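S.K.: The structure's right below; bear with me while I get my questions together.
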Amino acid sequence: MVAECAAPCQCAGAGVTFAAMTTVHIIGAGLAGLASAVRLVGAKRRVALYEAAPHAGGRCRSFYEPALDCRIDNGNHLMLGANHALMGYLDAIGARDRLSAAPEAIFPYVELPSGKRWTLRPNGGRLPWWLLVPSRRVPDSRLVDYFSALNLKAAAAHATVADVFDTDTTFFKRFWEPLMVAVLNTEVEAASASLMWPVVDLTFGRGAEACRAFVARDGLSASLIDPALEWLAARGCVPRFGARLRSIRFHGARAAELDFGAERIALEAGDGVVLAVPPPRAVELLPGLTAPEETRAIVNAHYRLDRAPALPGGSPLLGIIGGTAQWIFLRGDVVSVTVSAADAMLDDPADDIAALLWADVAEALDLAPHPLPRHRIVKERRATFAQTPAQVARRPGARTDYVNLVLAGDWIDTGLPATIEGAVKSGDTAAELMR
Ligand SMILES: Cc1cc2nc3c(=O)[nH]c(=O)nc-3n(C[C@H](O)[C@H](O)[C@H](O)COP(=O)(O)OP(=O)(O)OC[C@H]3O[C@@H](n4cnc5c(N)ncnc54)[C@H](O)[C@@H]3O)c2cc1C
């Protein structure tokens, strides 16, 4: 059952260390588990990787959609130049070129009620002179509006975004709200203010390159997941799919046995476990673990058009203010729409959602409102944990009470929101603790 890395075996006669002869069992082949596997196999550790689903990628994956006759992603994923852990992961597996970058740091927006359009254009370097240039910033904004970012830095751990901003201002609705709802996947009345600060600091605080948008060139699986699987397979590490960890037997301060139902795997001295599963599964497997409990949904609508639309400056995305749609992403002739913190929409029929969002898309991209193009709605009910102060306080660290078991996943305390960057960073940390 165990899929192992061949590399340690090949060099076993050449003075290999004790650690290299033992196995790290990684549970979950989402980005956190894959990042951990890549780091450990790269460090010549023997790795066994288990995934309950028939595919890798977890919440970040692509699939063939017959209604559109093409592969689509479970949801639009925006990555940024500031995502250093992600870029390190892609460099390790030789897949940085599988991302496509916006030509520069540009973020076009349209405000539907007013028809106003503008493009944010942060400048290079750390001195943010773009804030002095009205054509590069939000219409009718003042320099002082942007310095309200410091409210996030000063925010108490229990403060929500709505506690530290006046959410009724036009500037908040045009600038902060779309950004924060997208990053935190939580409505601003409930979202943690302090969790947003590192994002603002690491992007707008660092200049244009850090703000540059990246998207998966050929889809999430082709860009972020398949290259890792190929890289691992080339080194003898093939994940075991359909392998759901059912329980862990503990002996004193150690995990002693992994129970996959059909098979039990005894852990040898020196073996380790990286548990890279979502919080509800982690809590089942590790009784007593404190972890976030609430979640927020993301709804994505994918439309296949007759021709590929384009956005100003070649941007892959467009922000929508004042609509139901929040962000539009373009990939060829597929237009995909994101609605974050979309729990209120979960029970709506897919066709109603498709029609509602298409009205926004047609207006934003100046396309015909009728007929409704071929579409597919994807509802990710538990897209991320609810990033409220109370739930953030429940994030555990990577270490557990068990000396040979560590946690990974976007929900553990990485200091970052639940994002790809957080997931990869958590995987790197887990690998570091296992080396
Ligand atoms: C619709 C949507 C849009 C998003 N947009 C963005 C975005 O724009 N930018 C961004 O940075 N992030 C975005 N995210 C968040 C990003 O996808 C996640 O942060 C990241 O994928 C989490 O990876 P993970 O490995 O921590 O968890 P998961 O992807 O949940 O991986 C956990 C894995 O463990 C497996 N598993 C569970 N139980 C077991 C078990 N008992 N045994 C074995 N395996 C098990 C699961 O099947 C899964 O594959 C988005 C998420 C969604 C859903």
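Numbering-wise (this note's numbering), the sequence shown opens with residue 178 and increments by one. Glycine included, each C-beta is placed from N, C-alpha and C at the ideal position. Predicted, not measured: the structure shown is a model, and the values here were computed from it.
In whole angstroms, what is the alpha-carbon distance linking Arg303 and Arg571?
M.R.: Computed Cα separation, rounded: 34 Å.
S.K.: Tell me whether the beta-carbon of Cys388 lies closer than 8 Å to the beta-carbon of Leu549.
M.R.: In this structure, Leu549 does not lie closer than 8 Å to Cys388 by Cβ.
S.K.: Should Trp588 be labelled buried (16 or more other beta-carbon atoms within 10 Å of its own) or exposed?
M.R.: Buried, since its Cβ has 16 or more Cβ neighbours within 10 Å.
S.K.: Out of curiosity, what's the CA-to-CA distance linking Leu584 and Arg441?
M.R.: If you take the alpha carbons of Leu584 and Arg441, they lie about 21 Å apart.
S.K.: Report whether the distance from the Cβ of His479 to the nearest heavy atom of ligand 1 is below 7 Å.
M.R.: No, since every heavy atom of ligand 1 falls outside the 7 Å radius drawn around the Cβ of His479.
S.K.: Report the three-state DSSP secondary structure of Cys142 (helix, strand or coil).
M.R.: Residue 142 lies beyond the stretch modelled for the chain, which goes from 178 to 612, so this question has no answer here.
S.K.: Quick one: what does DSSP say Pro489 is sitting in, helix, strand or coil?
M.R.: Helix.
S.K.: Buried or exposed for Gly190, going by 16 or more other Cβ atoms inside 10 Å?
M.R.: Residue placement at Gly190 is poorly supported in this model, since its pLDDT is 31, which falls under 50; the coordinates still yield a value, given next. Exposed: under 16 other Cβ atoms inside 10 Å.
S.K.: With burial defined as no fewer than 16 other Cβ atoms inside 10 Å of the residue's Cβ, what is the status of Arg612: buried or exposed?
M.R.: It counts as exposed.
S.K.: What three-state label does DSSP hand Gly496 in the structure shown?
M.R.: Note: Gly496 maps to strand in three-state DSSP.
S.K.: Reducing DSSP to helix, strand and coil, say where Asp528 ends up.
M.R.: Here Asp528 sits in helix by DSSP.
S.K.: With His261 as the anchor, note down where its alpha helix (DSSP H) starts and where it stops.
M.R.: That run of the alpha helix (DSSP H) goes 261–269.
S.K.: Return the residue from the list Asp578, His202, Arg473, Thr380 that minimises the CA-CA distance to Asn300.
M.R.: Taking only the C-alpha atoms, the option nearest Asn300 is Thr380.
S.K.: Based on the DSSP secondary-structure assignment, which residues constitute the bridge partners of Thr515?
M.R.: Asn477, Trp504.
S.K.: Ordered along the chain, which non-local residues of its own chain (more than five positions away) have a Cβ less than 7 Å from that of Ser325?
M.R.: Cβ neighbours of Ser325 beyond the five flanking positions: Phe342.
S.K.: With a floor of 4 residues, list each alpha helix (DSSP H) that falls wholly inside the region 436–469, ordered by position along the chain.
M.R.: The qualifying runs are 456–462.
S.K.: Run the proximity test for Asn328: is its beta-carbon closer than 7 Å to any non-hydrogen atom belonging to ligand 1?
M.R.: Checking every heavy atom of ligand 1 against the Cβ of Asn328, none is found closer than 7 Å.
S.K.: Is any non-hydrogen atom of ligand 1 found closer than 7 Å to the C-beta of Leu267, if you look at the structure I gave you?
M.R.: Answer for Leu267: no, Cβ out of range of ligand 1.
S.K.: Please determine if the region 561–578 and the region 368–377 are in contact, where contact requires at least 3 C-beta pairs separated by less than 8 Å.
M.R.: Yes, since at least three Cβ pairs between the region 561–578 and the region 368–377 fall closer than 8 Å, the two stretches touch.
S.K.: Tell me which same chain residues have a C-beta within less than 6 Å of the C-beta of Gly604, skipping the five on either side of it?
M.R.: Ala209, Ala212, Ser213, Ala585.
S.K.: Looking only at its chain, what residues have a beta carbon closer than 7 Å to the beta carbon of Asp322, apart from the 5 residues adjacent to it on each side?
M.R.: Closer than 7 Å at Cβ, skipping near neighbours: Phe348.
S.K.: Quick one: what's got a C-beta closer than 7 Å to Ile270's C-beta in the same chain, skipping five residues either side?
M.R.: So the qualifying residues of the chain are Val215, Pro404, Ala405, Trp408.
S.K.: For the alpha helix (DSSP H) that contains Ser239, what are its first and last residues?
M.R.: It is not in any alpha helix (DSSP H) - Ser239 instead sits in the beta strand (DSSP E) that spans 239–242.
S.K.: Between Leu276 and Ser400, is the Cβ-Cβ spacing less than 8 Å?
M.R.: Yes. Within cutoff.
S.K.: To the nearest angstrom, report how far apart Asp510 and Arg394 are at their CA atoms.
M.R.: Spanning the two alpha carbons is a distance of roughly 13 Å.
S.K.: Can we count Asn251 as close to ligand 1, meaning its CB is less than 7 Å from some heavy atom?
M.R.: Asn251 Cβ: within cutoff of ligand 1.
S.K.: Which ranges would you report for the alpha helix (DSSP H) in the region 554–608 if only whole runs of at least 4 residues count?
M.R.: You should have 566–569.
S.K.: Is it buried or exposed, Cys307, if we count other Cβ atoms within 10 angstroms and call 16 or more buried?
M.R.: Checking the sequence, you will find Trp at residue 307 rather than Cys. Buried, since its Cβ has 16 or more Cβ neighbours within 10 Å.
S.K.: Can you tell me whether Ile283 is helix, strand or coil according to DSSP?
M.R.: It is coil, neither helix nor strand.
S.K.: Mind checking whether Tyr579 and Ala432 have CB atoms under 8 Å apart?
M.R.: In contact: Tyr579 and Ala432 (Cβ atoms closer than 8 Å).
S.K.: If the criterion is Cβ atoms closer than 8 Å, does the pair Ala368 and Val338 meet it?
M.R.: Yes, Cβ-Cβ distance for Ala368 and Val338 is below 8 Å.
S.K.: Going along the chain, which residues of its own chain have a beta-carbon closer than 7 Å to the beta-carbon of Leu523, five neighbours each way excluded?
M.R.: So the qualifying residues of the chain are Ala474, Lys556, Arg558.
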